[in-house]
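Just below is one structure, and these are the notes that go with it.
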Amino acid sequence: MSEMFDPLRWKPAPLLPRRDPRDGALVFVVAVLCFLACVTLIGALAADRAARGWTGQLTGSATVVVRAVGGETPDTAAARAAEALSGVPGVSEARALEKAKAEALLEPWLGREALLDDLPIPRLVAVDLDPKKPATALALDRALKAAGLDATVDDHSLWIGDIERAAAIARWAGLGVFLLILTATAAVIGFATRSAMAAHRETIEVLHLSGAQPGFIIRLFQARFARTAALAGLLGASGAAIIGSLARLAGGGQGLTPVLPVAWIDLLAVAPTPVLAALVAAVAARLAAGGLIGEMP
Amino acid sequence: MRYGRAPEVLKDVTFDLAPGSFHFLTGPSGAGKSTLLKLIYLAERPSRGHIEMFGRDVEAVAPADRPFLRRRIGVVFQEFRLLDHLSAFDNVALPLRIAGDRPEKYRADVAELLTWVGLKSRMHALPPTLSGGEKQRLAIARAVVARPDILLADEPTGNVDDAHALRILKLFVELNRLGTTVLIASHDEDLVARSGQPVLHLEGGRLKSFGRGVRP
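Chains as they are written, first to last, in the numbering used here: chain L, 104 to 400; chain V, 13 to 228.
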């Protein structure tokens with residue numbers, strides 16, 4: 104055995120043992136935390152997209168409810184309203200909806216039986232607005248009044264506000280959970296570093312007494328935990344990407360629910376996780392190791 | 013020097029080791045020999061008094077400069093303090109590696125030193141597989157490999173036979189001839205007598221006698 108050792112071909116061995124029995128548990132915990140962070144991130148991105156899509160649809164259109172007055176039939180009133188609105192700057196298209204469509208909208212509330220022919224159901228006019236310079240509700244209202252029509256303009260502003268508030272809550276909640284998990288990851292790494300340093304106290308003291316600078320010792324632990332966290336981050340991110348892919352494949356472009364329309368591009372957001380985990384681990388390990396070495400004489 | 017609120021281990025110990033001198037540090041168990049060595053190799057801070065090393069007040073040395081001061085001190089620890097996960101070769105190369113030397117510069121020196129201390133066939137071995145004597149020789153090789161300005165050894169011949177003890181003593185004398193200041197804490201009265209080197213004798217935490225070359 105000894106004749107196999109050639110000092111001239113010797114290369115320095117790692118100063119910390121290559122394997123540590125505690126590494127497995129640490130990789131598992133950090134991988135789970137990274138997985139949760141990534142799932143939160145994908146969920147927040149999807150919820151944000153859903154909210155943007157709905158807001159876009161609502162801001163690009165308005166609905167006008169037209170009530171027939173005098174001897175005018177509802178259909179004529181709706182047709183006149185559509186004509187009046189078509190001429191308003193900022194309106195791309197205005198079209199009167201058929202009676203059947205108005206009845207279909209009311210059916211969930213009134214029931215099929217109640218929709219008697221003689222019930223004065225108001226007609227609806229769907230207005231598509233110019234996305235670059237949409238007409239205001241006030242402008243639409245003025246045009247309708249000028250045409251002598253009894254009509255109400257709904258520019259969906261009430262819904263838009265609610266959706267924007269919901270989207271903001273989803274975004275901030277996602278960010279909050281993400282930061283919380285990030286902090287937990289840093290705390291776990293810091294704890295693991297302290298535990299590893301306690302286990303390797305002999306090594307640290309020998310290095311310290313042999314003249315190693317604090318930075319030299321800190322870098323050993325920093326590099327070790329950064330590598331471990333990068334591996335854990337890769338596992339966690341891969342798990343989250345698989346879950347995201349399954350959601351995308353199962354639900355298509357609409358997602359599993361309309362609230363979470365996962366897009367393929369969302370999955371790219373988890374790509375920096377190993378680097379981020381390594382960075383967090385490096386900082387946590389540096390702080391923990393630096394604190395402990397600072398206590399030495 | 014005291015640990016916490018315990019009684020003082022060392023009291024009013026004042027001495028000066030001339031550069032290039034060779035001394036033994038003797039005294040009964042509990043006399044404070046190891047504590048004195050720890051103070052010199054900067055593993056402890058004195059609770060009072062001051063220590064000057066290489067012309068500098070140790071307490072006044074900036075934290076960033078203390079590692080450089082430590083690199084000038086070679087230590088043979090009583091309990092060896094070898095790194096069990098590193099081979100004998102890696103253990104001996106450690107101080108040179110810490111100093112930032114390139115492996116190709118010191119490989120041959122490390123191999124030669126290990127051969128000199130009788131561990132040629134054990135270069136690849138991990139410390140847990142070595143005998144007490146082999147560990148001791150390995151610890152000595154690590155302490156001297158960087159040619160320190162001062163060598164401190166705590167019972168360096170405690171686990172070796174007479175032949176090896178003399179060999180180790182010769183190594184220390186050789187290092188001393190090359191200019192290294194040597195201070196060896198030892199119980200081995202025979203070795204101390206045979207060396208003919210001056211002695212610092214500690215008893216009850218006080219320096220009781222001073223041999224040749226020591227200015228109390």
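Cβ atoms here follow ideal geometry from the backbone N, Cα and C, with glycine treated the same way.
Specify the secondary structure class of residue i as computed by DSSP and reduced to three states.
i         : result
L:Arg-198 : strand
V:Asp-102 : helix
L:Glu-305 : helix
V:His-199 : coil
V:Gly-225 : The pLDDT assigned to V:Gly-225 is 43, lower than 50, so where the model puts this residue is not dependable; a value taken from the coordinates is nonetheless given after this. In the structure shown, V:Gly-225 sits in coil (DSSP, three-state: anything other than H, G, I, E or B).
V:Asp-173 : coil
V:Phe-86  : Phe is not the amino acid found at residue 86 of chain V; the sequence shown has Gly there. Residue state, collapsed to three classes: strand.
L:Val-168 : strand
L:Met-300 : helix
L:His-311 : helix
L:Thr-239 : coil
V:Glu-215 : strand
V:Val-73  : coil
V:Thr-193 : strand
L:Ala-229 : strand
L:Met-104 : A caution first: L:Met-104 carries a pLDDT of 45, below 50, which makes its placement in the model unreliable, though a value can still be read off. Coil, per DSSP.
V:Glu-56  : coil
L:Asp-369 : helix
L:Ala-153 : helix
L:Glu-267 : helix
V:Glu-20  : coil
V:Asp-113 : coil
L:Thr-255 : strand
V:Lys-220 : strand
Check the Cβ of residue i against every Cβ in chain V and list those closer than 9 Å, keeping chain order.
i         : result
L:Gly-314 : Arg-78, Pro-79, Phe-80, Leu-81, Arg-82, Arg-83, Arg-84, Ile-85, Pro-107, Ile-110, Ala-111, Ala-158
Closer than 7 Å by beta-carbon distance: list the chain V residues that pair up with residue i, in chain order.
i         : result
L:Ala-116 : Leu-98, Ser-99, Asp-102
L:Pro-120 : His-97
So that I know if they touch, is there some Cβ in chain L lying closer than 8 Å to that of residue i?
i         : result
V:Met-135 : yes
V:Val-122 : yes
V:Leu-95  : yes
V:Arg-218 : no
V:Pro-115 : yes
V:Tyr-53  : yes
V:Arg-227 : Because the pLDDT of V:Arg-227 is 46, which lies under 50, any placement of that residue in the model is unreliable, and the question is left without a value.
Using a cut-off of 8 Å between C-beta atoms, extract the partners of residue i located in chain L.
i         : result
V:Glu-56  : Pro-400
V:Arg-119 : Pro-110, Leu-111, Trp-113
Are the C-beta of residue i and some C-beta of chain V separated by less than 8 Å?
i         : result
L:Leu-395 : no
L:Leu-111 : yes
L:Phe-328 : no
L:Leu-310 : yes
L:Glu-267 : no
L:Thr-306 : yes
L:Phe-319 : yes
L:Met-104 : Residue placement at L:Met-104 is flagged as unreliable, the pLDDT there being 45, under the threshold of 50; a coordinate-derived value is accordingly withheld.
Assuming the contact rule is C-beta atoms closer than 8 Å, residue i and residue j should be a hit. Round their C-beta distance to whole Å, please.
i         : j         : result
V:Val-185 : V:Leu-150 : Actually they do not touch by this definition, with Cβ atoms about 20 Å apart.
L:Arg-198 : L:Ala-185 : 6 Å
L:Ala-153 : L:Pro-400 : With 8 Å as the limit, L:Ala-153 and L:Pro-400 do not qualify as a contact, their Cβ atoms being about 60 Å apart.
L:Gly-347 : L:Ala-147 : With 8 Å as the limit, L:Gly-347 and L:Ala-147 do not qualify as a contact, their Cβ atoms being about 12 Å apart.
L:Gly-163 : L:Leu-252 : About 23 Å; that fails the 8 Å criterion.
V:Asp-161 : V:Val-88  : Rounded, the Cβ-Cβ distance is 15 Å, inconsistent with contact.
L:Thr-288 : L:Val-133 : 6 Å
V:Arg-218 : V:Val-25  : 7 Å
V:His-136 : V:Phe-101 : 7 Å
L:Leu-161 : L:His-259 : 4 Å
V:Ala-111 : L:Gly-314 : 7 Å
V:Gly-191 : V:Gly-32  : 5 Å
Which chain L residues are close to residue i, counting only those with a beta carbon under 7 Å from its beta carbon?
i        : result
V:Tyr-15 : In chain order: nothing, as chain L lies at least about 13 Å away.
Interface residues of chain V around residue i at Cβ under 8 Å?
i         : result
L:Ala-138 : The question names Ala, yet the displayed sequence has Phe at residue 138 of chain L. Those do not exist, as L:Phe-138 stays about 32 Å from chain V at its closest Cβ, beyond 8 Å.
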